[in-house]
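In the working numbering, the protein residues as written are 543 to 642. In this text, a Cβ means the ideal position worked out from N, Cα and C, and glycines have one as well. Right, one structure below, let's go through it.
If you want it as structure tokens, here you go:
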């Protein structure tokens, strides 16, 4: 009867949705594992830098006394200051700046 056929079709569609959701879940788990591994594999200087160079925190130039704010990360190893400076973490230029 037609209701049985409709139910079978609905079941088939539901099974396909479950299979697709399982694939999405596996992809998400793989992406998370990769991201977690990436964090674990970061060199110590990058971990230290992330603790020192936090966007929104103020920094002061030890030589000039200029105070500015850390705007954002430019990439994994450099930050952008509100004053427009791009600093490579660990560079001599970056060492002139300290958190205030």
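Let me know if residue 628 comes out buried or exposed under the rule of 16 or more other beta-carbons within 10 Å of its beta-carbon. Along the chain shown, one-based indexing puts residue 628 at 86. Under this definition residue 628 is an exposed residue.
Three or more C-beta pairs under 8 Å: does that hold for the stretch 592-600 against the stretch 608-624? yes
Rounded separation between residue 562 and residue 556 - CA only: Residue numbering aside, residue 562 sits at position 20 when the chain shown is read from its first letter. Residue numbering aside, residue 556 sits at position 14 when the chain shown is read from its first letter. Cα to Cα, residue 562 sits roughly 10 Å from residue 556.
For a quick check, are the C-beta atoms of residue 605 and residue 638 less than 8 Å apart? Taking the first residue of the chain shown as position 1, residue 605 is located at position 63. Taking the first residue of the chain shown as position 1, residue 638 is located at position 96. In contact: residue 605 and residue 638 (Cβ atoms closer than 8 Å).
Whole angstroms is fine: what's the gap from residue 603's alpha carbon to residue 619's? In the chain shown, the residue the question calls residue 603 occupies position 61. In the chain shown, the residue the question calls residue 619 occupies position 77. In a straight line, the C-alpha of residue 603 is about 19 Å away from that of residue 619.
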